[in-house]
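Below you'll find the structure, written out as structure tokens, and then a few comments.
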Amino acid sequence: MKALIVDDEFNVRDVIRHLGEWEKHGITELFEAGNGKEAKKWIEKEKPELIFTDIKMPGMSGMDLIEWLDSISYPGKVVFITGYNDYSYMRKAIQHSSFDYLLKPIEYDAFNQTLEKSVQAWINDFQHAEVLEDAKKLRRNQLATSICLGDRNDAESLAEFLPEADEYELTLLSFYQMHQPDLYIQKLSDELMNRRMGNAFHLQTDLNLCLVITVPNQWLSAEEWISSEFDIPVRLVESESAISLAHIRSSFQELLTKLENQEFRSIHRLDELDAARRMEDIVSYVDTYYMEDLSLEKLSNVFFLSREHISRKFKQETGMTLSKYMTELRIKQAKTWLLETDKTIYSISTMLGFQDEIYFSKLFKKVVGMTPFEFRKEAAE
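Quick look at the structure:
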């Protein structure tokens, strides 16, 4: 944390600097200013969390300073230190959200109690603000996801998170499963909003997808920024024309279909070593999600490799095709449940991803040599 001492008397600043238990309370940088004008420069440059300021100073007074801080919605804590015991000053300070008010001569205990309270108050405010910001991001992403999937039909509500425009351009970004793209998407979102170009929404689906919505003729600049700032491979599919917010769902579905059909461009392509490591990740992924409806197409979309490449390399890695490997895992798990639980054969087949109990029983017998019922009965004897 950073703190700023503002007073036109050097001796007062020196006393405050030596009086405060700064390190104890997490203050790692301490700055000084002789008046409000100097203080503004420090605040704009260093953004200190705490400000201790005199009221009456030449040039720009402490009152002028706090009014300016109020006008820019300064999020830190301001403590007035003055020799003027005048209620009118205190009242005005309260109106402008100062944190506390100390009188000269400054006492050691009183100062450090105020320092501790102001630090804790800032931490509480900061944590609360973080929670609110995280909740806003989650709401924004959930809203975009619901609209894209057709669960909501109020696409215009996304306007709250976008620069004002009549039409927008859509681009779908696909991230490799193991790269955890949250930080990248948030950086992109911040950049687009700061430059009033658009926004980025992390879609809450089983694929790592990001929907980028930009005002017309700005996507090229956004892509240049992505190319320079991202250090991971990204697949992207662009919309062919600008649309109104009302048509986001249909446009998203078109982009998703193109992605599934391998109609995309890439930023930061994979090298051979990365592709080799990726096969290890694919096997690990199948080991985890083998009870779900996995296919070469889904693995291709998740892991940025072609269906043909995955099919060939998966067999080299495991000695089996994807289908046979998943069957082996499912039958192994079925044996465990048949022996260690009283779950019905129908329940076991459903949990393993089989929609047909009869098919499951036939497959089990083909692999094991007996039906699930016979296997359980023999084990119980």
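Taken in order, the sequence shown gives residues 1 to 381; the numbers are from full-length UniProt numbering. The C-beta atom is built at its ideal place from N, Cα and C for all residues, glycine as well. For clarity, every value in this text was computed on a predicted model and none was experimentally measured.
Rounded to whole angstroms, the Cβ separation of M279 and K313 is 5 Å, and the two are in contact under 8 Å. Three or more beta-carbon pairs separated by less than 8 Å link the segment 123–143 to the segment 196–213, which places the two stretches in contact.
Considered as a whole, the UniProt domain "HTH araC/xylS-type" (280–378) harbours 296–303, 307–318, 322–340, 345–351 and 357–368 as its complete alpha helix (DSSP H) runs of no fewer than 4 residues, in chain order. Taking C-alpha positions only, M60 is separated from E38 by approximately 9 Å. A check of alpha carbon separations from H268 across M57, V119, S295 and R235 identifies R235 as the nearest.
DSSP links R265 through a beta bridge to L236. Of the candidates H247, E340 and K40, the residue whose Cα lies closest to the Cα of N153 is H247.
Spatial neighbours of L329 in its own chain (CB-CB distance under 6 Å, excluding positions within 5 residues in sequence) are listed in chain order as Y290.
In terms of CA proximity to L158, K137 leads the group N124, F175, K137 and S174.
For G198, no alpha helix (DSSP H) segment is defined; the enclosing uninterrupted segment is the beta strand (DSSP E) at G198 to H202. For I213, the secondary structure class from DSSP, reduced to helix, strand or coil, is strand. Leaving aside the five residues that flank I16 on each side, the residues in its chain whose CB is nearer than 8 Å to its CB run, in chain order, I5, D7, F52, I81, I106 and F111.
Using a Cβ distance threshold of 8 Å, K2 and E49 count as a contacting pair.
Assignment of D100 by DSSP, reduced to helix, strand and coil, places it in the strand class. T214 and M197 do touch by the CB rule: their CB atoms are close to 5 Å apart, below 8 Å. Between the alpha carbons of F230 and M63 lies a gap of roughly 45 Å.
Annotation: I106 is outside any alpha helix (DSSP H) and is labelled neither H nor E by DSSP. Inclusion of E167 and P233 in the CB contact set at 8 Å is not warranted, their separation being larger than that value.
The alpha-carbon of L30 is positioned some 54 Å away from that of V286. Take the alpha-carbon of F99 and the one of L255: they are about 52 Å apart. Per the C-alpha coordinates, the member of L339, L305 and E308 positioned closest to E374 is L339. Taking C-alpha positions only, Y74 is separated from E133 by approximately 17 Å.
Between F175 and N208, the C-beta spacing is below 8 Å. Taking each of S300, A165 and E23 in turn and checking the Cα distance to L115, the smallest one comes out for E23. Residues I348, L352, F364 and P372 of the same chain have their beta carbon placed closer than 7 Å to that of A334, with the five preceding and five following residues left out of the count.
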